[in-house]
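Top to bottom, those sequences are chains A and B. Under my numbering, think of the first position of the first sequence as 1, with each following residue one higher. Under my numbering, think of the first position of the second sequence as 1001, with each following residue one higher.
Protein chains: 2
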Amino acid sequence: MNKAEILIIDDEPQIQKLLQINLESNDYKVVQARTAKEGILMAANHPPDLIILDIGLPDKSGHQVLSELRHWYAKPVIILSVLDNEKDIVSALDTGATDYLTKPFRTGELLARIRAAIRRSQTTVNASVVTANELEIDLVARIVKRNNEIVKLTATEYNLLALFAKNESKVLTHQYILKEVWGYGYQTETQYLRVFVGSLRKKIEENPNNPQHLITESGVGYRFQ
Amino acid sequence: MNKAEILIIDDEPQIQKLLQINLESNDYKVVQARTAKEGILMAANHPPDLIILDIGLPDKSGHQVLSELRHWYAKPVIILSVLDNEKDIVSALDTGATDYLTKPFRTGELLARIRAAIRRSQTTVNASVVTANELEIDLVARIVKRNNEIVKLTATEYNLLALFAKNESKVLTHQYILKEVWGYGYQTETQYLRVFVGSLRKKIEENPNNPQHLITESGVGYRFQ
DNA sequence: AGATTCTATAAAGATTTTATAAAAAATAAG
DNA sequence: CTTATTTTTTATAAAATCTTTATAGAATCT
């Protein structure tokens, strides 16, 4: 297997150096960018296996970079943030960040998180079939089966369920789901979500009044298990 | 591993002596300053792993020193205060102090607090999964488990617990917690906090009447451990 | 020791959030 | 062009959560 390639987007030279040394000695190929613009360009030209993104870049906010990346880049993005900047972190996770670390960080921990993120992205992206008890979701064939019988879903219903399946047992916020399934500008249309979660439950839950798969997290979002 | 270095900023010679002896015999390297000015200078020239700061210094108030330090110094700062100066303590914690002790203090307790503070600064600050005995808090998945079973928390309960988890074994003042969880303008609603700490204890403590994780610091705030 | 402040807890009331049905609008299929 | 299907919107009932109040107990101060 080839070396995994990691793109670092960070303007601080000492962080760049530190990461480069540590990652290369752990057998990763390292590519570096110092600005948001440069980073996006490099990622587009030659998509890496993972991106490490500093949230405090000079030319563009990390959030913006992340959301631009997420239009077409599905692999892990790990966020670096300065200490005590919790709002940034939460909103970054909402925009689709894979994980985050606050500076200063221990390199051992960063390496562990990189390994975990890459492992996850390889299994979940390649795993075209997600199963949860009597449910089977084939993400390549776009087919959902319940007790081995095909469940007929509309396009939106399927997109929603696929998103849940890709994020099993993780709480997804309303905002995030709406953005992923409906696109930008729909973040406030929480009612859409309720309607579609309702119709999904009717189709995939044994007892839709007492859902076992699509769990409500009141005030936050939903969780699939 | 090298010895951890501790800077003591205190003008009382007997305290200086007492601390020096106790810390050095516990295998810390001790550096001492007698004034605020000297202390800041020493910390800047050679940042220690932890600072012990007396709140009652001759040339400058400890609060000012703390807030100056916090611009660039992210490691633990433990405050020393005379007994009848509770307001100082609360405001110091609000400014970012890690922990506090009132004089006269027992050295065993000080040593324990130092160990806790250093351990925390090395590990938990960055972690996206925090574990405390039978508790497991996944800050990315937004899921809390107790003995491997998912604990159902409301949004506010979760936000509160997440804040505690990110500041393990650190005293958080009422004001600070209220500001972080409820936002500005709620700093005086201490009763909210009592209600929610109560319901959290019911869900995460073995015996809510004798809490082991969510500890009350009377007159100051709460501590999670 | 007594007074005062602080904390815990329950429970009622208010508000927010969620679920569901069904109508209207938009889109796709025949 | 008409019909069927899907998505969006509206309305409303139910559930969950948050806020407020009241009160008893614990901790702290004088």
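Note that CB positions come from ideal geometry on N, CA and C, so glycine has one too.
Identify every residue that forms a DSSP beta bridge with residue i.
i: L1050/B; result: I1006/B
i: T1230/B; result: Chain B is shown from 1001 up to 1225; residue 1230/B falls before or after that span and cannot be answered.
i: W1033/B; result: The residue asked about is misnamed: residue 1033/B is Ala in this sequence, not Trp. Paired residue(s): I1009/B.
i: T1156/B; result: Paired residues: none, contrary to the question.
i: L161/A; result: Answer is none; L161/A lacks a bridge partner.
i: L1172/B; result: Y1222/B
Taking the beta carbon of residue i as the centre, do at least 16 other beta carbons fall within 10 Å, making it buried, or is it exposed?
i: F1196/B; result: buried
i: Y1184/B; result: exposed
i: N1159/B; result: buried
i: T1216/B; result: exposed
i: K1202/B; result: exposed
i: A13/A; result: It should be noted that the sequence gives Pro, not Ala, for residue 13/A. The residue is exposed, with fewer than 16 neighbouring Cβ atoms inside 10 Å.
i: I150/A; result: exposed
i: K1152/B; result: exposed
i: K1226/B; result: What the structure shows of chain B is the stretch from 1001 to 1225, and residue 1226/B is not part of that stretch, so it cannot be assessed.
i: G1219/B; result: exposed
i: T1173/B; result: buried
i: R113/A; result: buried
i: A155/A; result: exposed
i: H1046/B; result: exposed
i: E1206/B; result: exposed
i: G198/A; result: exposed
i: L1161/B; result: buried
i: V1090/B; result: buried
i: P1104/B; result: exposed
i: T1098/B; result: buried
i: E189/A; result: exposed
i: E1157/B; result: buried
i: K3/A; result: exposed
i: A1117/B; result: buried
i: R1142/B; result: buried
i: L57/A; result: buried
i: V140/A; result: exposed
i: R1194/B; result: exposed
i: L41/A; result: exposed
Could you name the residues of chain A that residue i contacts, counting a contact when the two beta carbons are closer than 7 Å?
i: V1140/B; result: L93, D99
Please list, in chain order, all residues of the same chain as residue i whose beta carbon is under 7 Å from its beta carbon, the five residues on each side excluded.
i: T1124/B; result: Confidence is the limiting factor: at T1124/B the pLDDT is only 46, short of 50, which leaves the residue's position unreliable, though a coordinate-based value still follows. If we look at T1124/B and ignore the five residues flanking it on each side, its Cβ neighbours are V1130, E1168.
i: Q187/A; result: Q175, L178, K179
i: N1210/B; result: none
i: A1043/B; result: L1007, I1051, L1069, Y1073
i: D1027/B; result: K1003
i: E1134/B; result: R1146, N1147
i: H1213/B; result: A1132, L1135, I1204, E1205, F1224, Q1225
i: V171/A; result: E217, V220, G221, R223
What does residue i reach in chain B if we use C-beta pairs closer than 9 Å?
i: V130/A; result: In chain order: nothing, as chain B lies at least about 16 Å away.
Note down, in chain order, each residue of its chain lying with its Cβ closer than 6 Å to the Cβ of residue i, except the 5 sequence neighbours on either side.
i: T1107/B; result: N1022
i: R70/A; result: G96
i: I1052/B; result: I1008, I1078
i: Q1032/B; result: I1008, Q1016
i: D1088/B; result: I1055, S1081
i: S1067/B; result: T1095
i: S121/A; result: K75, P76
i: E136/A; result: K145
i: P1208/B; result: R1201, K1202
i: E5/A; result: K29, P48, D49
Below 9 Å on C-beta distance, what does residue i contact in chain A?
i: I1143/B; result: S169, K170, V171, R223
Output, in chain order, the set of chain B residues within a Cβ distance shorter than 8 Å of residue i.
i: S218/A; result: T1154, A1155
What residues in its chain sit with their C-beta under 8 Å from that of residue i, if we drop five residues either side in the sequence?
i: K1226/B; result: In the structure displayed, chain B extends from 1001 to 1225; residue 1226/B sits before or after that span and is not available.
i: L1101/B; result: I1078, I1079, L1080, S1081, E1109, L1110, R1113
i: Q20/A; result: I8, V30, Q32
i: Q64/A; result: A36
Whole beta strand (DSSP E) elements within the segment 76 to 154 of chain A, 3-residue minimum: 77 to 82, 99 to 103, 129 to 132, 135 to 138, 143 to 146, 149 to 151
Going along the chain, which unbroken runs of the alpha helix (DSSP H) with 4 or more residues stay wholly within the segment 179 to 219 of chain A? 190 to 204
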